[in-house]
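Protein chains in written order, with the numbering used here: chain V, 10 to 278; chain H, 211 to 929.
Beta carbons: idealized from backbone N, C-alpha and C, even for Gly.
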Amino acid sequence: MFKIVVPIKQVALLDDEFELEPGASEVDPDWIDRELNDWDTFAVEAAVTFKEEKGDCEVVVITVGDEDSEEALVDCLARGADRAIRIPSDDLPPDPLAVAAALAAAIRPEEPSLVLCGVQSSDAASSATGVALSGYLDLPRVAVVRAIELDPAGGKAKVVRELEDGLLEDVSVSLPSLLTVQTGANEPRYATLRAIKQAADKPLATVAAEELGTDTAALAAQAGATVSQLANRPKGEGAEMLSGDSDEVAAALIEILKERAGVANGGGS
Amino acid sequence: MSLLAAAQTREVFWQFPPWAEVLWYCLAVGSVFVFAYGVARPIAKYRRGNPASLPPLGELRSRIGVANRTVFSQASVSFRDPYVGWAHRGIFYGFLVLFIGTVILAINTDLTEPLFGWRFFEGDFYLVYSLILDTLGVALLVGLLMIMFRRAVLKPKKLDYTRPDRTADDPDQAARRGYRIGDWIFVGTLFYLVVTGYMLEGVRIAMDSPANADYSPFGWLTAQAIDTLGMSEGALEVLRHVGWWSHGLVALAFVSSIPYTKAIHMLTSYASLVLKDDQAGKRLRAAPTDETGEPTGYGILSDFLTEHLVQLDACTKCGKCHEACPANATGMPLSPRDVVLQLREDANDAMRGVGIGGVLGSLMKGDRDDRLKVDVIGGDDVREETVWSCMQCNACVEACPVGIEQAPMINQLRRRLVEEGRMEAGLTKTLQLVHRSGNSFGENRRKRGRWVRELDFEVKDAREEPVDVLWFVGDYASFDPRSQEVTRSIARLLREAGVDFGILYDGEQNSGNDVRRVGEEGLFELLAETNIATLAECSFNRIVTSDPHSLNTLSNEYSELGGSWEVLHHTSLLADLLEGGQLKPKEQLGSRVTYHDPCYLGRHNGGYDDPRRILEAIGCELIEMPRNRDNSFCCGAGGGRIWMTEPEGHERPSENRIREALGLGELDYFVVACPKDVTMYEDAVKTTGNSTEIAVRELAQLVEEAVGTRSEPTALAGV
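Rendered as structure tokens:
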């Protein structure tokens with residue numbers, strides 16, 4: 010059976026007003042809404058669409074996160090994924106390499122035919138987890154994919170990936186492989202509340218690092234970077250209020266631009 | 211038998227040879243069978259629907275009483291159209307009495323006389339009978355002439371049956387010709403029967419010159435007319451025979467055809483009125499809670515509730531809903547009438563070929579085959595764009611003379627579309643935001659109570675301390691910058707009046723009214739249950755809201771989920787405070803204003819008078835728009851339309867409404883009483899280029915101006 014594994018993330022949505030945990034490296038969770046990462050909805054949709062069209066396919070969603078992140082997994086199950094796995098994130102640093110190492114440990118025994126990630130997460134935006142995961146799993150990988158045509162019999166996939174300046178590249182990649190899916194690749198479906206309630210009956214396993222033949226310390230050691238502190242930007246430096254009528258303000262502005270930004274008179278280039 | 215007694219009756223089968231009488235009875239029995247089969251067929255169809263919400267049999271008596279009051283007063287037919295009301299009264303009473311008269315005659319002729327030798331069709335009884343039937347025949351005739359005049363000369367646009375959900379060259383438009391012809395055949399047949407009936411009576415009176423002819427005044431007149439023709443006795447005899455058979459045969463054909471033509475509304479419309487849900491649209495029916503995995507809502511015909519299948523057949527194509535619908539009025543591809551007719555055509559097509567065996571099987575054994583398992587949403591059926599055009603304003607339900615639930619049916623279609631993800635991306639996004647954040651703005655829930663910051667007093671947290679009035683603020687009033695101004699006005703007024711009130715701050719969530727109207731039943735339940743749980747923890751006497759949408763679901767729908775409270779609109783509270791003296795206007799405003807009835811305050815909850823009481827109390831001169839109170843015109847925001855994109859290239863409902871107001875002459879204010887109206891009409895005033903002509907004000911703002919709790923007159927912010 011064709012098996013697609015989709016690693017997903019429950020992201021934090023920061024309001025324009027928020028407070029930091031005193032002295033800590035996190036935002037006070039009261040100010041945060043959480044949802045399934047937008048990019049991941051496209052990866053899930055691609056997997057579920059393939060399953061619906063071709064049949065004989067299993068879609069497994071997996072995340073590294075706290076108990077609340079099971080909501081995002083259930084969302085994916087409601088969209089049509091078959092089962093879900095959560096690796097508890099306790100004591101794991103929120104770092105792409107550590108998370109990818111944990112994901113790899115859980116995905117390896119699944120022996121997937123295809124791994125679909127979102128290009129990036131909307132909160133951390135490092136675009137690194139998927140790429141790192143392909144390294145740990147030793148899978149060929151294509152990033153920023155916006156169209157996928159799977160050929161399981163031929164053991165390959167034809168994909169279109171986005172390059173800069175609107176250039177598109179057609180790539181053929183052998184299976185199993187890992188693709189990171191770009192937004193706009195499809196139209197993610199709406200998971201109704203009814204579907205979400207029914208999805209609660211689908212299998213959702215919590216698997217600790219130890220059960221995967223590793224431990225949290227080993228995974229944490231993979232981290233490339235850790236957040237040591239979050240702080241608000243200091244206020245009040247460098248602002249100068251200009252006053253007067255519009256001609257005076259414009260004249261003052263020209264002076265400042267010439268002086269500090271090195272803008273030459275006359276314009277044009 | 212005395213001469214007098216012999217004269218005070220009439221012979222039914224005049225100079226009939228026995229074979230003719232036998233032929234007549236064979237035809238009569240045949241027509242009864244054709245009629246009975248015609249009635250059985252739709253019943254077989256209804257048995258394929260979902261009977262889950264049929265009212266209990268115990269209610270039948272009271273329901274028949276209510277239906278009879280509607281039918282015998284003809285009130286729902288007269289509603290908004292007295293001309294048609296009077297015409298239909300004539301036809302209804304004329305037909306009914308002539309029909310009963312025929313049944314009485316048949317009882318005498320076919321039962322009591324041959325079986326028991328008892329003839330009651332004579333003497334005084336016959337004279338009174340004659341007089342009543344003769345008079346009501348005239349009523350029928352006049353009614354038919356009025357209707358024919360309307361169709362042939364007045365030609366109301368709605369009666370050409372053009373569909374707004376199809377392009378002009380669509381074959382479905384041409385197919386509507388059948389409806390127009392069918393209507394004329396129906397009216398024409400009745401007309402023919404009345405005319406030949408009087409002719410027959412006239413010939414009889416002319417020939418027999420009975421002493422009691424003055425008990426048939428119109429028949430006597432006809433006889434006089436026939437006399438002037440100077441026909442010979444023989445010619446009259448022929449005319450009498452020809453007249454009898456041509457009247458009799460057509461009458462039999464008509465009776466047997468009733469279930470197959472528009473005439474079926476005599477049965478189906480009555481049945482629909484008996485089944486009528488007087489909460490239709492105000493309280494939508496909950497989706498079944500079964501976990502069978504059956505999809506929710508209406509996707510195929512067998513999903514339909516039995517009463518909805520009956521309603522499809524009850525439609526007389528009168529077009530009242532078509533005229534009342536704001537979507538249709540502004541060129542959107544929706545007419546509630548055409549939704550009903552399309553579904554009816556689909557259902558009848560599906561039942562075609564069921565055969566006598568199939569009908570009997572359904573009736574006797576309850577056989578339910580897969581005949582009605584056909585899709586109803588799609589290009590040849592009710593289109594998705596049609597389903598999404600609806601504003602769930604209930605104008606159609608309010609206007610329907612026969613109790614059809616157009617808007618709730620459309621809501622059921624939406625439930626299926628939502629389940630299948632067949633909706634526009636913007637709406638999907640909004641539903642996700644509501645689920646995630648508890649409000650349609652996608653704002654952090656902590657921001658909900660932030661509007662109080664600009665007040666110079668504290669607003670109680672009703673979760674922390676008991677209050678008299680718990681103010682359920684609602685999404686728009688909490689988050690929309692323009693509505694926040696109004697919200698603060700209300701807060702200042704409540705404080706001025708000494709009302710002990712509090713709000714739920716971030717404990718409040720979207721009330722779910724519009725989420726439910728969109729068709730996301732599960733999300734509605736989640737929101738309602740969350741709010742009910744929060745409210746249950748609070749101590750208060752009553753709930754007030756400025757949002758008519760929240761008002762509707764809190765007072766009509768939460769009770770079914772376990773939350774029953776007294777819920778008031780702020781206009782009711784303010785009207786009481788003004789009349790009770792807690793709020794004292796310092797000045798009479800003296801403004802000329804018009805007032806827009808919000809759909810969910812007026813039509814859904816009968817809140818027509820309190821806003822008008824307020825306007826009177828603060829000295830505003832109210833100039834009513836032509837469409838007011840129950841006929842109010844939706845602003846276009848209802849049913850979740852506010853979360854969908856407005857199609858380009860045609861007038862918006864709100865613009866249509868502003869133009870209606872401008873037609874009243876010079877006005878100071880366009881007064882509203884709903885947070886969504888503030889947004890909708892502020893925009894419409896601008897997009898129609900009338901910012902200098904008229905200004906939008908929420909009622910509370912005008913009250914504040916009169917009471918003087920705020921020094922300068924409040925303008926709506928966010929311009």
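- Annotation for residue 480 of chain H: no beta strand (DSSP E) segment contains it, though the alpha helix (DSSP H) segment containing it runs 475-485.
- Below the 7 Å Cβ cutoff, chain V contributes 199 as neighbours of residue 641 of chain H, in chain order.
- The three-state secondary structure of residue 261 of chain H, taken from DSSP, is helix.
- With its beta carbon at least 8 Å from every one in chain V, residue 740 of chain H lies outside the interface.
- Residue 758 of chain H carries a helical assignment under DSSP once its states are collapsed to helix, strand and coil.
- In the three-state reduction of the DSSP assignment, residue 201 of chain V falls in the coil class.
- Short of 8 Å from the beta carbon of residue 58 of chain V, and not among the five residues preceding or following it, lie these beta carbons of its own chain, in chain order: 195.
- Look at the stretch 19-105 of chain V and you find these whole runs of beta strand (DSSP E), each 3 residues long or longer: 19-23, 41-45, 66-74, 92-97.
- As a beta-bridge residue in DSSP terms, residue 181 of chain V pairs with V:167.
- Residue contact check for residue 656 of chain H against chain V: a CB pair falls below 8 Å.
- In summary, residue 605 of chain H is buried, with 16 or more beta-carbon neighbours lying within 10 Å of its beta-carbon over all protein chains present.
- When the alpha-carbon of residue 515 of chain H is set against those of H:643, H:486, H:531, the nearest one is in H:486.
- For residue 40 of chain V, a Cβ of chain H is located within less than 8 Å of the residue's own Cβ.
- Within the same chain, Cβ atoms closer than 7 Å to the Cβ of residue 462 of chain H are found at 237, 238, 241, the five residues on either side in sequence being excluded.
- Bounds of any beta strand (DSSP E) do not take in residue 794 of chain H, whose DSSP letter is neither H nor E.
- Taking C-beta separations shorter than 8 Å and ignoring five residues to either side along the sequence, the partners of residue 262 of chain V in its chain run 251, following chain order.
- Inside the stretch 622-705 of chain H, DSSP marks whole alpha helix (DSSP H) runs of 4 or more residues at positions 635-647, 685-689, from first to last along the chain.
- Of the candidates H:888, H:826, H:668, H:670, the residue whose Cα lies closest to the Cα of residue 797 of chain H is H:826.
- Listed along the chain, the chain V residues whose CB falls inside 8 Å of the CB of residue 628 of chain H are 199, 201.
- The beta carbon of residue 91 of chain V sits no closer than 8 Å to any beta carbon of chain H.
- Within the same chain, and ignoring the five residues on either side of residue 578 of chain H in sequence, the residues whose Cβ sits closer than 6 Å to its Cβ are 258.
- The C-beta separation of residue 525 of chain H from residue 562 of chain H comes to about 19 Å, leaving the pair out of contact by the 8 Å criterion.
- Using a Cβ distance threshold of 8 Å, residue 104 of chain V and residue 235 of chain V count as a contacting pair.
- Your pair residue 637 of chain H and residue 850 of chain H checks out as a contact, with CB atoms roughly 7 Å apart and the cut at 8 Å.
- Under the three-state reduction of DSSP, residue 466 of chain H is assigned to helix.
- In the DSSP assignment, residue 908 of chain H is bridged to H:882.
- Closest option to residue 70 of chain V, judged by alpha-carbon separation, among V:265, V:64, V:123, V:257: V:123.
- Residue 650 of chain H has a beta carbon lying at 8 Å or more from every beta carbon in chain V.
- Here DSSP, grouped into helix, strand and coil, assigns residue 16 of chain V to strand.
- Here residue 371 of chain H carries a coil assignment [DSSP, helix/strand/coil].
- Here the alpha carbons of residue 680 of chain H and residue 707 of chain H stand approximately 15 Å from one another.
- Residue-level contact by beta carbon fails for residue 573 of chain H and chain V, as no gap is shorter than 8 Å.
- Counting only Cβ-Cβ distances below 8 Å, residue 733 of chain H has contacts in chain V at 201, 202, in chain order.
- Sequence-distant partners of residue 319 of chain H (beyond 5 residues in either direction) whose C-beta falls short of 6 Å from its own C-beta, in its chain, are 222.
- Chain order gives the chain H residues near residue 206 of chain V as 732, where near means a beta carbon separation below 8 Å.
- Cβ neighbours of residue 253 of chain H within its own chain (closer than 7 Å, five residues either side excluded): 573.
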